[in-house]
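Here is the structure we will look at.
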Amino acid sequence: MKKCKNCNVCVESCPVEAINIDTKQIDYEKCIECMCCHELCMHQAVDLKKDNFLAHIVTSLYRG
4 MKKCKNCNVC VESCPVEAIN IDTKQIDYEK CIECMCCHEL CMHQAVDLKK DNFLAHIVTS
64 LYRG
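Set out below in structure tokens:
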């Protein structure tokens, strides 16, 4: 989230509170891949990495 301007739109749009604006990081353990943060960020600061999502999906499947 290098382009982040601390507008908090991503934080406010996240239904599972997976974004920490102070550290500018997404908690992929909480993230439900709704893409709200990515779609609403007017600065295009939220870069959702496919590798992280794939790892999250695999982990979720194994956890049940």
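Numbering-wise (the working numbering), the sequence shown opens with residue 4 and increments by one. A virtual CB, placed ideally from N, CA and C, is assigned to each residue, including glycine. From a predicted model like this one, the values you see are computed outputs, not experimental measurements.
When the Cα atoms are used, Val49 and Glu32 turn out to be separated by approximately 16 Å.
Residue burial is scored here from C-beta neighbours: Ile35 has fewer than 16 other C-beta atoms within 10 angstroms and is therefore classed as exposed. Cα atoms of Met38 and Gln28: separation of roughly 15 Å, rounded to the nearest angstrom.
Following the DSSP letters along the chain, one finds His41 inside the alpha helix (DSSP H) bounded by residues 39 to 43. Annotated as distal: Cys10 and His41, with beta-carbon spacing of 9 Å or more.
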